[in-house]
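*Asks:*
Number of protein chains: 2
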Amino acid sequence: MVVTGNRFCPFCPGHEDKTPPEVLAYSTEGLRGDSRWSLRVVPNKFPALRVEGDLDRQGEGLYDRMNGVGAHEVVIECSDHMKTLPEMEERQVAELIWAFRDRVMDLKKDRRLRYVMLFKNHGEEAGASLEHPHSQIIALPVVPKRVQEELDGARKYFEFKERCVYCDILRQEVRDGERVVLQTEEFLAMCPFAARFPFETWIVPFRHDSHFESIQEREVYNLAWMLKSVLKKMDRVLEKPAYNLIIHTAPVQEAGCSYYHWHVEIIPKLTRVAGFEWGTGFFINPTPPEESAQFLRD
Amino acid sequence: MVVTGNRFCPFCPGHEDKTPPEVLAYSTEGLRGDSRWSLRVVPNKFPALRVEGDLDRQGEGLYDRMNGVGAHEVVIECSDHMKTLPEMEERQVAELIWAFRDRVMDLKKDRRLRYVMLFKNHGEEAGASLEHPHSQIIALPVVPKRVQEELDGARKYFEFKERCVYCDILRQEVRDGERVVLQTEEFLAMCPFAARFPFETWIVPFRHDSHFESIQEREVYNLAWMLKSVLKKMDRVLEKPAYNLIIHTAPVQEAGCSYYHWHVEIIPKLTRVAGFEWGTGFFINPTPPEESAQFLRD
Chain A
376 MVVTGNRFCP FCPGHEDKTP PEVLAYSTEG LRGDSRWSLR VVPNKFPALR VEGDLDRQGE
436 GLYDRMNGVG AHEVVIECSD HMKTLPEMEE RQVAELIWAF RDRVMDLKKD RRLRYVMLFK
496 NHGEEAGASL EHPHSQIIAL PVVPKRVQEE LDGARKYFEF KERCVYCDIL RQEVRDGERV
556 VLQTEEFLAM CPFAARFPFE TWIVPFRHDS HFESIQEREV YNLAWMLKSV LKKMDRVLEK
616 PAYNLIIHTA PVQEAGCSYY HWHVEIIPKL TRVAGFEWGT GFFINPTPPE ESAQFLRD
Chain B
376 MVVTGNRFCP FCPGHEDKTP PEVLAYSTEG LRGDSRWSLR VVPNKFPALR VEGDLDRQGE
436 GLYDRMNGVG AHEVVIECSD HMKTLPEMEE RQVAELIWAF RDRVMDLKKD RRLRYVMLFK
496 NHGEEAGASL EHPHSQIIAL PVVPKRVQEE LDGARKYFEF KERCVYCDIL RQEVRDGERV
556 VLQTEEFLAM CPFAARFPFE TWIVPFRHDS HFESIQEREV YNLAWMLKSV LKKMDRVLEK
616 PAYNLIIHTA PVQEAGCSYY HWHVEIIPKL TRVAGFEWGT GFFINPTPPE ESAQFLRD
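Listed in order, the protein sequences are those of chains A and B.
Going by the numbering used here, the first residue of the first sequence is number 376, and it counts up by one from there.
Going by the numbering used here, the first residue of the second sequence is number 376, and it counts up by one from there.
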């Protein structure tokens, strides 16, 4: 059960010594005969950033440089090498959400870390280098450019309207219905208006909160079901696509705010980003979100 | 000569009726027995934008929409299906640069068009859907987001220093030398400091000008030689990589300015952009520009 395509997997049970020691593990001992853990979080063996040392900002002529202080962790989502997120039990997907939350709560204690990026690359075309189901956590000493843009945009809308733009989007999408993929009491899954990519799908909580880590127990299980359901639909309609899943949330050191609203964005990897997209930041989407949503709904 | 891999090519000589009528053609009749043209520019048969109609900006609840007014053209760089840019004669590469310039001069007469994006996707992984050597021109009714960011950044630097940031970069890079790939009297080819991608290379003119279309005759031929040389080096070091080439230039309806400086950016497609890059706008580059430059130089 350790090997597929004859390649050794460092994330499979029995190979725990092939990763750095875990920073978090959940155990559902007894449920799986051969495995003592059901989920592990370990530091990335080849981290993009390291926790040790100072930022040490300095100039180099007109350029600026600083050290890559931060954390880079891997969430090994389950012990079964071959299982994908939509194939897992709801309980297992909920464990991933709990793990994300637990790690944010721990990482934010380090006041140098200003943003925690929670994401999953599934499939080689989406940038996954290992097959075993896993997600990633990167804690950064700065608020990333794209995150800041989204925060700024949401704040400008709030200053103008005195309402959260995501709350407004939820109301309009529920009323219109044509971009809705799935709706529960807690979450709306939808293809966003003017989506950048075919079948781009967002999962947005109805309860306004700027920070993912404030997620409530009931929402964890509901989100687990939502994730499973949406990914299952994508697997069916798009024949098991590669995808990127990113949790959009507010900077960890900042207090809860009324203008930003955490949510999940899922982008199946169906098109290539080329010169036009790189140069402009604009995207040409051959499948309108209304069509994507209809395909996913039906 | 028309077919490779048994696929019909609409850009090859003899198939001129398979593209919309050309908006520009250069001819070096006599030089090539079977071909009357050496370069053609034709409207894209499947355009992202169309010249007809108005922008017709309107709201849809809280969203905004407007028509895709603009132009989308293809530059068929030469008649030979199999020739790549670095394999072409310098004269042919110069024709591509002239064609870019001629089309910008023509398109900017339409005052609705505020930005002209000049770019080339080479190779399937870089988004090229046809093999025959070609580049693209997209004229837009808005200044793209990424372009505006670059302009704003350059203007802020200028307001602070009263110097062009690119002129400052040229001076520092020439002095440091370690990121220089190639240097002529007219242009510097360099791997930029804190490059986003392995082997990302910029070609920057020494003469300050905000607008590509102000390029001078002498610079055209020098740039042609530079492009050929840099791409040849990439072909050798990276084994003929796919790449995106983008001309960064100021908005066409704006007057020349002292804070922005046109240049060419070439990004070989060696890594995959995944969740982290999407979510943050940050890039993890395993090959520092100093190493990339050294590989390309040697």
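We put the beta carbon where it would ideally sit given N, CA and C, even for glycine.
Just mark ARG593/B as buried or exposed, buried being the case when its beta carbon has 16 or more other beta carbons within 10 Å.
*Replies:* So ARG593/B ends up on the exposed side.
*Asks:* Looking at the C-beta of THR655/A, does it have a partner C-beta in chain B at a distance below 8 Å?
*Replies:* Answer yes: the Cβ-Cβ gap between THR655/A and chain B drops below 8 Å somewhere.
*Asks:* Have a look at ILE544/B, LEU620/B, CYS632/B and flag the residue whose alpha-carbon is nearest the alpha-carbon of PHE475/B.
*Replies:* That would be LEU620/B, whose Cα lies nearest to the Cα of PHE475/B.
*Asks:* Can you confirm whether LYS495/A, when its beta carbon is compared against all beta carbons of chain B, has any partner nearer than 8 Å?
*Replies:* Yes, its Cβ sits closer than 8 Å to a Cβ of chain B.
*Asks:* How close, in whole Å, do the beta carbons of ALA501/B and CYS566/B come, if the pair is a contact with beta carbons under 8 Å?
*Replies:* So it is not a contact: roughly 18 Å between Cβ atoms.
*Asks:* Using CA atoms only, rank isn't needed, just tell me which of TYR401/A, GLU397/A, ASN419/A, PRO418/A is closest to ARG411/A.
*Replies:* For ARG411/A, the nearest C-alpha among the options comes from TYR401/A.
*Asks:* Looking only at C-alpha atoms, which of HIS638/A, ASP543/A, PHE657/A, HIS497/A sits nearest to GLY650/B?
*Replies:* Of the listed residues, the one whose Cα sits closest to GLY650/B is HIS497/A.
*Asks:* Grouping DSSP H, G and I as helix and E and B as strand, with all else coil, what is SER604/B?
*Replies:* Three-state result, SER604/B: helix.
*Asks:* Please name the residue, chosen from PRO418/B, VAL522/B, PHE587/B, ILE642/B, that lies closest to PHE657/A on a Cα-to-Cα basis.
*Replies:* Ranking PRO418/B, VAL522/B, PHE587/B, ILE642/B by Cα distance to PHE657/A puts VAL522/B first.
*Asks:* Let me make sure I understand the geometry here. Which of ARG530/A, LEU482/A, LYS495/A, GLN547/A has the alpha-carbon closest to that of VAL426/A?
*Replies:* VAL426/A has its Cα closest to that of LEU482/A, out of ARG530/A, LEU482/A, LYS495/A, GLN547/A.
*Asks:* To the nearest angstrom, how far is the alpha carbon of ALA617/A from that of VAL556/A?
*Replies:* The alpha-carbon atoms of ALA617/A and VAL556/A are separated by roughly 19 Å.
*Asks:* Taking DSSP as the reference, what is the three-state secondary structure of PRO661/B?
*Replies:* Here PRO661/B sits in coil by DSSP.
*Asks:* From the DSSP output, in three-state form, read off GLN558/B for me.
*Replies:* Reduced to three states, the DSSP call for GLN558/B is strand.
*Asks:* Between ARG538/A and ILE512/A, how many whole angstroms is the CB-CB distance? I'm expecting something under 8 Å.
*Replies:* About 32 Å separates the two Cβ atoms, so there is no contact after all.
*Asks:* SER413/A by DSSP, collapsed to three states: which one?
*Replies:* In this structure, SER413/A counts as coil in the three-state DSSP scheme.
*Asks:* On a CA-only basis, which of SER585/B, ASP551/B, SER454/B, ARG647/B is nearest ILE622/B? Give me that one, please.
*Replies:* The shortest C-alpha separation from ILE622/B is found at SER585/B.
*Asks:* Can you tell me where the alpha helix (DSSP H) holding VAL549/B begins and where it ends?
*Replies:* Unbroken alpha helix (DSSP H) run through VAL549/B: 540-551.
*Asks:* Which residues in chain B sit within 8 Å of PRO519/A, going by Cβ to Cβ distance?
*Replies:* Near PRO519/A (Cβ distances below 8 Å), the residues of chain B are GLY654, THR655, GLY656, PHE657.
*Asks:* Please classify LYS483/B: does DSSP put it in a helix, a strand, or coil?
*Replies:* Residue state, collapsed to three classes: coil.
*Asks:* Specify the secondary structure class of ILE451/A as computed by DSSP and reduced to three states.
*Replies:* If DSSP states are grouped into helix, strand and coil, ILE451/A belongs with the strands.
*Asks:* Mind listing, in chain order, the continuous alpha helix (DSSP H) runs of no fewer than 4 residues lying wholly within the region 450-529 of chain A?
*Replies:* Whole alpha helix (DSSP H) segments, 4+ residues: 465-482.
*Asks:* How about ASN660/A: is its C-beta nearer than 8 Å to some C-beta of chain B?
*Replies:* It does not; no Cβ of chain B falls within 8 Å.
*Asks:* Could you tell me the boundaries of the beta strand (DSSP E) in which TRP577/B lies?
*Replies:* First-last of the beta strand (DSSP E) with TRP577/B: 576-580.
*Asks:* So is MET441/B in contact with chain A if we call contact Cβ pairs under 8 Å?
*Replies:* No - not a single Cβ of chain A is within 8 Å of the one on MET441/B.
*Asks:* Below 9 Å on C-beta distance, what does VAL522/A contact in chain B?
*Replies:* Simply GLY654, THR655, GLY656.
*Asks:* Which partner residues does LEU563/A have in the DSSP bridge list?
*Replies:* GLN558/A, VAL579/A, per the DSSP bridge assignment.
*Asks:* Check distances from the C-beta atoms of the region 530-545 of chain A to those of chain B and list, in chain order, the residues that come in under 9 Å.
*Replies:* Within the region 530-545 of chain A, the qualifying residues are TYR532, LYS536, VAL540, ASP543, ILE544.
*Asks:* Here's the rule I'm using: 16 or more other beta-carbon atoms within 10 Å means buried, otherwise exposed. How should PRO395/B be labelled?
*Replies:* With fewer than 16 Cβ atoms within 10 Å of its Cβ, PRO395/B is classed as exposed.
*Asks:* Taking only beta-carbon positions, decide if TYR635/A is within less than 8 Å of chain B.
*Replies:* By this cut-off, TYR635/A is not an interface position.
*Asks:* Exposed or buried, what is ARG486/A when buried is set at 16 or more other beta-carbons lying within 10 Å of its beta-carbon?
*Replies:* The residue in question, ARG486/A, is exposed, as its Cβ has fewer than 16 Cβ neighbours within 10 Å.
*Asks:* By the 8 Å beta-carbon criterion, what residues does the region 501-520 of chain B contribute toward chain A?
*Replies:* Result list: ALA501, GLY502, ALA503, GLN511, ILE513, LEU515, PRO519, LYS520.
*Asks:* Closest to HIS456/A by CA distance: which of LEU414/A, ASP439/A, ARG440/A, PHE386/A is it?
*Replies:* The shortest C-alpha separation from HIS456/A is found at PHE386/A.
*Asks:* Going by the CB atoms, is the gap between PRO664/B and ARG554/B shorter than 8 Å?
*Replies:* Cβ atoms of ARG554/B and PRO664/B: closer than 8 Å.
*Asks:* Closest Cβ-Cβ distance between PHE383/B and chain A: below 8 Å?
*Replies:* Judged by the 8 Å Cβ criterion, PHE383/B is not in contact with chain A.
*Asks:* For the alpha helix (DSSP H) holding GLY650/B, just list the boundary residues, first then last.
*Replies:* Element bounds for GLY650/B: 650-655.
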